[in-house]
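Asks:
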Amino acid sequence: MGWFKTKFGSSFFELFSTSSPANLEGPGQQVTIEDIRQQMLLLLDGINEPNILRRVRYSLDVQGLWYLRGDLLGVLANQWGEAAALEKIHALTPMFRGALPRGMTSRRSSLSTGHTEHPGDSR
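If you're matching positions, the sequence shown starts at 1 in full-length UniProt numbering and goes up one per residue.
(1) Which of the three DSSP states, helix, strand or coil, is assigned to V75?
(2) Taking Cβ positions, are L44 and V75 nearer each other than 8 Å?
(3) Taking the alpha-carbon positions, what's the M104 to L42 distance?
(4) In terms of alpha-carbon separation, which member of L68, V62, A77 lies closest to R54?
(5) Do you know offhand how far Q63's Cα is from P50's?
(6) For the ligand FAD, is there any heavy atom lying closer than 7 Å to the beta carbon of R37?
(7) Tell me whether the beta-carbon of L73 lies closer than 8 Å to the beta-carbon of A85.
(8) Secondary structure at D35, three-state DSSP: helix, strand or coil?
(9) Give me the Cβ distance between L65 and M40, rounded to the nearest whole Å; I'm assuming they're in contact under 8 Å.
(10) Measure the Cβ-Cβ separation of I89 and D71 and say whether it is below 8 Å.
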């Protein structure tokens, strides 16, 4: 019964999802929302955080996964320290390239010290 509710709810909300499970990058690179989800779950492997695991597993669109990066950063920082966690999040960020509206991505800044990757850019 619990499976039916979850599956039904997921299917219902997928009807209204704004993301497509198709390519998130370009014709040369085939990154899907499931690829991003699996990478996030790999980062959480061995970490006992059922709430964030559930949110990553059941996020309906790429925007939801994008917003979960902050929570993921907090969990990873508790496990490995902030510097290592930031490195892992920065490695994940390019997977979102081309999948997000321009307004949802980080802005370029002259104050930035290194990472200037902008997933919304299609350049």
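Where is the CB? At the ideal position from N, CA and C, for every residue including glycine.
Replies: In short, the structure shows the following:
(1) Here residue 75 refers to the residue found at position 75 of the sequence shown. Looking at V75 - three-state DSSP - the assignment turns out to be helix.
(2) Here the question's residue 44 lines up with position 44 in the sequence shown. Here the question's residue 75 lines up with position 75 in the sequence shown. Yes.
(3) Counting from one through the sequence shown, the residue named residue 104 turns up at place 104. Counting from one through the sequence shown, the residue named residue 42 turns up at place 42. The straight-line gap from Cα to Cα measures roughly 24 Å.
(4) Start at 1 with the first residue of the sequence shown, and residue 54 comes out as number 54. Out of L68, V62, A77, L68 has the C-alpha closest to the C-alpha of R54.
(5) In the sequence shown, counting from the first residue as 1, residue 63 sits at position 63. In the sequence shown, counting from the first residue as 1, residue 50 sits at position 50. Whole-angstrom Cα-Cα distance: 20 Å.
(6) As presented, the structure is devoid of all ligands, the ligand FAD included, so that no description of it is given.
(7) For the purposes of this step, residue 73 is identified with residue 73 of the sequence shown, where counting begins at 1. For the purposes of this step, residue 85 is identified with residue 85 of the sequence shown, where counting begins at 1. Yes, the Cβ-Cβ distance between L73 and A85 is below 8 Å.
(8) Numbered from its first residue, the sequence shown carries residue 35 at position 35. Residue state, collapsed to three classes: helix.
(9) To locate residue 65, count along the sequence shown from 1; it is residue 65. To locate residue 40, count along the sequence shown from 1; it is residue 40. Confirmed, Cβ separation roughly 7 Å.
(10) Taking the sequence shown and counting its residues from 1, the one referred to as residue 89 is at position 89. Taking the sequence shown and counting its residues from 1, the one referred to as residue 71 is at position 71. No. Outside cutoff.
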